[in-house]
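Enquirer: Pasting a structure below so you can have a look.
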Amino acid sequence: MNEKNDKKQYKKIIDREMLMTLNSGCPVCGRSFTLGDPVVYACGSWEGPMKLIHESEAVFDKRKSLYIERECYNASR
Numbered sequence: 027m028n029e030k031n032d033k034k035q036y037k038k039i040i041d042r043e044m045l046m047t048l049n050s051g052c053p054v055c056g057r058s059f060t061l062g063d064p065v066v067y068a069c070g071s072w073e074g075p076m077k078l079i080h081e082s083e084a085v086f087d088k089r090k091s092l093y094i095e096r097e098c099y100n101a102s103r
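Residue numbering for the sequence shown follows this note's numbering, starting at 27 and increasing by one per position.
Put into structure tokens, the structure is as follows:
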């Protein structure tokens, strides 16, 4: 799989259905999600599985082929 396809599998745009199921805001920045927000499934400093966060709060790691929370990514460099 190439990088473009790898990125695409993690990337979403917040639609009405997603907005209704997300009862909390972005776990990284704390802002609420709104319709049309670009979000990605990313791993980060939290325990457990990947979470939806704002795309601007994430970095795509080409070596691992996944998005990582920006602060977590910078700390590992």
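Glycine included, C-beta positions come from ideal geometry on N, C-alpha and C. Predicted, not measured: the structure shown is a model, and the values here were computed from it.
Alpha carbon to alpha carbon, what distance is there between Ile94 and Ser50?
Expert: 19 Å
Enquirer: Given this structure, state the Cα-to-Cα distance separating Asp87 from Glu81, to the nearest angstrom.
Expert: 13 Å
Enquirer: Please name the residue or residues paired with Cys69 in a DSSP beta bridge.
Expert: Ile94
Enquirer: Between which two residues does the beta strand (DSSP E) carrying Lys30 extend?
Expert: No beta strand (DSSP E) contains Lys30, which is instead part of the alpha helix (DSSP H) from Glu29 to Tyr36.
Enquirer: Give me, in chain order, the residues of the same chain whose beta-carbon lies closer than 6 Å to that of Lys77; leave out the 5 immediate sequence neighbours on both sides.
Expert: So the list reads Pro53, once near-sequence residues are dropped.
Enquirer: If you drop the 5 nearest sequence neighbours on each side, which residues of the same chain put their C-beta closer than 6 Å to that of Cys69?
Expert: Met76 and Ile94
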